[in-house]
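Here's the structure, in structure tokens; my notes come after.
Number of protein chains: 2
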Amino acid sequence: MRVAYNEQMTELADMLGVMAGLAGTAMEKATQSLLQADLALAEEVIGEHDQITDLSVACEERAFALLALQAPVAGDLRSIVSGIQIVADIDRMGALALHVAKAARRRHPNHVLPEEVNGYFAEMGRLAVALGAAAKEVLETRDPERAAKLREEDEAMDDLHKHLFTVLMDREWKHGVAAAVDVTLLGRYYERFADHAVEVGRRVIFLVTGKMPSEPEDTGEIN
Amino acid sequence: MRVAYNEQMTELADMLGVMAGLAGTAMEKATQSLLQADLALAEEVIGEHDQITDLSVACEERAFALLALQAPVAGDLRSIVSGIQIVADIDRMGALALHVAKAARRRHPNHVLPEEVNGYFAEMGRLAVALGAAAKEVLETRDPERAAKLREEDEAMDDLHKHLFTVLMDREWKHGVAAAVDVTLLGRYYERFADHAVEVGRRVIFLVTGKMPSEPEDTGEIN
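In order, the protein sequences belong to chains A and B. Each residue of the first sequence is one higher than the one before, starting from 1 at the first, in the working numbering. Each residue of the second sequence is one higher than the one before, starting from 224 at the first, in the working numbering.
Written as structure tokens, this is what we have:
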């Protein structure tokens with residue numbers, strides 16, 4: 001009984017890691033589809049999204065079964081309940097990658113982004129993928145010190161996001177309102193993706209230590 | 224023991240209802256501060272936000288204590304775990320209302336919105352507040368039929384949000400890129416607020432029936 005239980009706990013943890021990996025891969029491909037106006041790649045992200053949703057349902061079911069059948073206490077209880085919360089964050093990361101891919105598909109064969117901001121999105125994409133990979137690593141290692149670093153790494157995303165808005169707000173912006181609207185929403189998607197990765201880290205700290213780090217600001221505010 | 228347990232279950236449910244009420248009130252005031260460029264009201268929303276965050280922490284702690292001490296099964300287990308998930312949705316609704324208030328404060332004494340789109344935001348605000356109130360009602364009554372209706376009510380929000388983008392994308396838009404960026408983000412905040420209210424409804428259906436309605440699309444996509 002105990003062996004089966006431990007196996008199921010490990011499986012739940014593994015499934016969360018796999019989900020985080022899928023969300024990171026989705027964001028990586030979505031960014032490339034955005035930068036290259038690559039329709040096939042955008043379609044791939046869109047087609048693969050169900051994998052994340054399906055895993056999300058499977059993780060919740062597994063967590064409920066563990067709670068219902070095993071009546072876990074202390075650390076195990078924290079692991080399972082935090083797992084359910086983490087599912088929601090990773091699910092959202094997948095949805096945000098999907099939004100990026102859909103934006104690329106919507107404007108195809110045109111590029112969504114004016115060339116002027118390509119560099120910003122290449123870098124925001126790189127950071128988002130790195131944060132996704134860090135969230136996956138933290139889910140696998142449960143290292144609270146590594147988890148705490150995600151917040152620092154998110155600062156680079158926030159800085160880029162703020163810079164992007166100064167570009168948009170500049171009187172020299174020559175690409176019209178429609179492009180500005182696309183850039184605004186896309187910037188927000190990347191920034192929120194990173195926030196959810198940080199939130200995964202915060203929850204891992206809680207499940208390991210029993211103490212919840214203070215809630216971060218929604219760092220996507222523009223000034 | 225059982226009496227104390229039932230009391231604590233009821234208290235958790237009550238706290239969620241109170242939280243939803245606070246998020247709805249915050250969005251109501253935030254919308255008025257936005258439409259009237261009312262700085263005092265914006266400050267009020269910003270100052271009161273901690274109440275929502277504090278309740279969010281208190282709800283999570285209460286839920287954990289119930290899980291740890293009582294080892295609930297079946298319906299009670301679903302109630303508590305769903306409660307934890309619902310906390311995250313309402314917490315987010317509060318954060319989105321906060322964003323609206325901060326936008327009003329940031330541009331004060333100017334109005335954030337060009338007069339042309341005031342009507343859209345007045346109506347989106349009305350719908351958001353109604354959805355918040357419906358979420359509160361559903362948390363209190365646990366009526367799955369009422370909960371299912373939230374999704375229909377959200378359709379009006381989606382329609383408005385789409386219309387808003389046609390106004391933005393119109394060649395006749397005369398208010399510049401900076402205003403367009405503000406309108407884009409604000410529109411997204413209202414639309415996401417409504418999505419989270421729908422999600423609360425979906426989780427109430429699950430906690431009552433044990434069956435999860437299918438996940439809605441993120442309905443904020445523009446075409």
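Just so you know, even glycine gets a beta-carbon here, dropped at the ideal spot from N, CA and C.
| Query | Result |
| --- | --- |
| Segment limits, alpha helix (DSSP H) that includes Glu339/B | Counting along the chain, Glu339/B falls outside any alpha helix (DSSP H), and DSSP gives it neither H nor E. |
| Classification of Gly434/B by the beta-carbon crowding that lies within 10 angstroms, buried from 16 upward | In the sequence under discussion, the amino acid at residue 434/B is Lys, which differs from the Gly named in the question. Classification of Lys434/B: exposed, given that the 10 Å Cβ count is below 16. |
| Three or more C-beta pairs below 8 Å linking the stretch 284 to 297 of chain B and the stretch 378 to 398 of chain B | no |
| Collapsed DSSP secondary structure at Lys359/B in the structure displayed | helix |
| With 16 other Cβ atoms within 10 Å as the buried cut-off, status of Ser79/A | buried |
| The stretch 226 to 238 of chain B touching the stretch 88 to 106 of chain A, judged by at least three CB pairs closer than 8 Å | no |
| Other residues of its chain near Leu55/A: CB distance less than 8 Å, five sequence neighbours each side excluded | Met15, Val18, Met19 and Leu22 |
| 6 Å Cβ shell around Asn446/B - same chain, five flanking residues per side excluded | The pLDDT assigned to Asn446/B is 40, lower than 50, so where the model puts this residue is not dependable, and the model offers no usable value. |
| Terminal residues of the alpha helix (DSSP H) in which Met316/B lies | Ala297 to Arg330 |
| 8 Å Cβ cutoff, Leu207/A in contact with chain B | no |
| Three-state class that DSSP yields for Met212/A in the structure shown | coil |
| Delimiting residues of the alpha helix (DSSP H) encompassing Glu153/A | Pro144 to Met169 |
| Residue span of the alpha helix (DSSP H) that contains Val335/B, given as start and end | Where Val335/B is concerned, there is no enclosing alpha helix (DSSP H), given that its DSSP letter is neither H nor E. |
| Inter-residue CB distance, Gly247/B and Val352/B (contact presumed, cutoff 8 Å) | 5 Å |
| Three-state secondary structure assigned by DSSP to His419/B | helix |
| Straight-line gap, Val335/B to Met316/B (C-alpha atoms, nearest Å) | 21 Å |
| Residue interval of the alpha helix (DSSP H) (run including His398/B) | Counting along the chain, His398/B falls outside any alpha helix (DSSP H), and DSSP gives it neither H nor E. |
| Meets three-Cβ-pair contact criterion under 8 Å: the stretch 36 to 53 of chain A and the stretch 153 to 161 of chain A | no |
| Residue-chain proximity (Asn446/B, chain A), Cβ-Cβ < 8 Å | Low confidence applies here, because Asn446/B scores a pLDDT of 40, under 50, leaving its location unreliable and the question unanswered by this model. |
| Proximity to Ala417/B [Cα-Cα], best of Ala402/B, Asp377/B and Thr432/B | Asp377/B |
| Members of the stretch 406 to 422 of chain B near chain A, C-beta cut-off 8 Å | Thr407, Leu408 and Arg411 |
| Three-state class that DSSP yields for Asp38/A in the structure shown | coil |
| Cβ separation of Leu35/A and Phe121/A, assumed to be a contact under 8 Å, to the nearest whole Å | 6 Å |
| is_contact[Ile84/A, chain B] using C-beta, thresh 8 Å | yes |
| Contact residues within the stretch 364 to 398 of chain B, judged by C-beta distance below 8 Å to chain A | Phe388, Leu391, Met392 and Trp396 |
| Cβ-Cβ distance between Ala236/B and Val268/B below 8 Å | no |
| CB contact check: Met15/A to chain B, cutoff 8 Å | no |
| Per-residue burial, Gly410/B [other beta carbons within 10 Å of its own, 16 or more giving buried] | buried |
| Chain A within 8 Å of Leu264/B, Cβ atoms only | no |
| CA-to-CA distance, Lys136/A to Arg142/A, given in whole angstroms | 10 Å |
| Met124/A burial status per 10 Å Cβ neighbour count (16 or more: buried) | buried |
| Cut-off 7 Å between Cβ atoms - residues of its own chain near Val198/A, not counting five sequence neighbours on either side | Leu150, Arg151, Asp154 and Pro216 |
| Chain B residues whose Cβ lies nearer than 8 Å to that of Phe64/A | Leu300, Arg301 and Val304 |
| Below-8 Å beta-carbon distance, Leu67/A vs any chain B residue | yes |
| Inter-residue Cα distance where the pair is Asn341/B and Val87/A | 37 Å |
| Cβ-Cβ separation, Pro367/B to Thr432/B (assumed contact under 8 Å), whole Å | 6 Å |
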